[in-house]
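Participant: Using the UniProt record's numbering, the letters of the sequence shown correspond one by one to residues 1 to 70.
Here a beta-carbon is modelled for each residue, glycine too, at the ideal position from N, C-alpha and C.
Please read these numbers as outputs of a predicted model, since none were measured by experiment.
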Amino acid sequence: MKIQTTTDLGGFIRDRREGLGIKQGDLASIAGVDQGNLSKIERGTAKATLDTYLRLCSALGIDLMAEPRA
1 MKIQTTTDLG GFIRDRREGL GIKQGDLASI AGVDQGNLSK IERGTAKATL DTYLRLCSAL
61 GIDLMAEPRA
């Protein structure tokens, strides 16, 4: 899936979390993120550091890849 914005990434994180049946509070605890902030990240109303996105993705088994544009 091609993610172009942090809003896209937040929505993808939410969809994956829900698909795995993980509660928001549980993911927040696993990834070391405040639950309120995670809620905002998933809704696209808050930005986070790359480190935070990487921790969330790692906790959900998501691999992020970067590719140069053609």
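Quick one: grab the DSSP three-state call for residue 92.
Facilitator: Residue coverage of the chain in this structure runs from 1 to 70, which leaves residue 92 outside it and unanswerable.
Participant: Taking 9 Å as the cut-off, decide whether the C-beta atoms of Gly36 and Thr7 are in contact.
Facilitator: Taking the sequence shown and counting its residues from 1, one reaches residue 36 at position 36. Taking the sequence shown and counting its residues from 1, one reaches residue 7 at position 7. Result no, Cβ atoms of Gly36 and Thr7 do not sit closer than 9 Å.
Participant: What did DSSP end up calling Ala28 once you bin it into helix, strand or coil?
Facilitator: Counted from its first residue, the sequence shown places residue 28 at position 28. In the structure shown, Ala28 sits in a helix (DSSP, three-state: H, G or I).
Participant: Using a Cβ-Cβ cutoff of less than 7 Å, which residues in the same chain neighbour Ala59 once the five nearest sequence positions on both sides are dropped?
Facilitator: Position 59 of the sequence shown holds residue 59. Around Ala59: Leu27, Ile30 and Ala31.
Participant: What did DSSP end up calling Gly61 once you bin it into helix, strand or coil?
Facilitator: The residue given as residue 61 occupies position 61 in the sequence shown. Coil, per DSSP.
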